[in-house]
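Numbering (the numbering used here), first residue to last: -5 to 315.
See structure below.
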């Protein structure tokens, strides 16, 4: 943003409850003559909304990306329900998120607008030196690669993917599982891979900044999450033309067309996940067709220009009301 000449202001929050933060935001909003405050996440929603109201900013919008499942996230849901009374519009990143906002937070459907996430396609339509990258990762010439790139947390369900691959290798031994990312569950996941007898089949890369290149090495992208809002990683995989095997949950089912751009499987079910992965691994033509259809679906619904246009229209419509 700064390279494009757009001013960026870093407003720091003190640990714990920062009761002066809304006043600092108010001062900034007034000085910059802010017309729209758009927040993401429960803390920015709380402080940003109060600061905006103190500065009499005419338009306040919150985008909800989902924050877990009820009743675990009860506190955040109650906070958002109350704060929603003071904003012009709540944006949900999927119809599933909207449904949860109505069901659990009792927010009026009329106040919620669905705008899907979008990404820049050009970053993912690239060609790489496959031989060099596969050698770097420790992937053999004849190996098929199942990949995932996420924070290694319980929510992402990577343990089910490891268990699924341990079943897959019994019928399809030439496979590698590429796990990109880091997180609190990494040690447990590494132990699980060892306990399942597939430590030599699972590659933990840690954090990487070359995701577009790594996607080119993959034959299948798999996301076995327990819940999602609208996962950007699926959009990245589709932009790269990769077939997807994901869990049948909010966000995923609005992104992946089962049987056309990939496959959807039940959550917490390693056996069904393994069946879907194996079906794609043994059928090169199916993988190519699903990857191509996924790319077409991405261009139709999830390209960044479409998301930007939807937000521009939202800002303009709220400003004239």
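The beta-carbon is built from N, C-alpha and C at its ideal position, and this holds for glycine as well.
For the beta strand (DSSP E) that contains residue i, what are its first and last residues?
i           : result
residue 110 : Careful: residue 110 lies outside any beta strand (DSSP E) and carries neither H nor E.
residue 258 : 256 to 259
residue 223 : Looking at the DSSP string, residue 223 is not in any beta strand (DSSP E), and its letter there is neither H nor E.
What does the Cβ neighbour count give for residue i, buried or exposed, with the cut at 16 atoms within 10 Å?
i           : result
residue 23  : buried
residue 13  : exposed
residue 293 : exposed
residue 201 : exposed
residue 243 : buried
residue 237 : buried
residue 181 : exposed
residue 78  : buried
residue 2   : exposed
residue 150 : buried
residue 97  : exposed
residue 116 : exposed
residue 39  : buried
residue 185 : exposed
residue 262 : exposed
residue 124 : exposed
residue 68  : exposed
What are the boundary residues of the alpha helix (DSSP H) that residue i is part of?
i           : result
residue 180 : 180 to 189
residue 268 : 264 to 275
residue 286 : 278 to 295
residue 216 : Looking at the DSSP string, residue 216 is not in any alpha helix (DSSP H); the run it does join, the beta strand (DSSP E), is 214 to 217.
residue 243 : Neither: residue 243 is in no alpha helix (DSSP H) and is coded neither H nor E.
residue 73  : 68 to 77
residue 311 : 298 to 314
residue 25  : 15 to 26
residue 211 : 205 to 211
What are the partner residues of residue i, as DSSP defines its beta bridges?
i           : result
residue 56  : 33 and 84
residue 196 : 171
Report yes or no: is there a C-beta of chain B within less than 7 angstroms of the C-beta of residue i?
i           : result
residue 258 : Chain labels in this structure do not include chain B; a single protein chain is all it has.
Do the CB positions of residue i and residue j come within less than 7 angstroms of each other?
i           : j           : result
residue 224 : residue 111 : yes
residue 271 : residue 239 : yes
residue 85  : residue 109 : yes
residue 7   : residue 15  : yes
residue 321 : residue 179 : Residue 321 falls outside the range modelled here, since the chain spans only -5 to 315, and no answer is possible.
residue 212 : residue 139 : yes
residue 285 : residue 245 : no
residue 88  : residue 248 : yes
residue 55  : residue 18  : no
residue 298 : residue 58  : no
residue 144 : residue 312 : no
residue 73  : residue 155 : no
residue 274 : residue 192 : no
residue 51  : residue 81  : no
residue 118 : residue 251 : no
residue 195 : residue 171 : yes
residue 255 : residue 288 : yes
residue 187 : residue 264 : no
residue 30  : residue 309 : yes
residue 161 : residue 268 : yes
residue 152 : residue 206 : no
residue 20  : residue -1  : no
residue 168 : residue 137 : yes
residue 104 : residue 71  : no
residue 133 : residue 173 : no
For this session: Entirely within the region 97 to 169 and at least 3 residues each: give me those beta strand (DSSP E) ranges in chain order.
Result: 106 to 108 and 138 to 143
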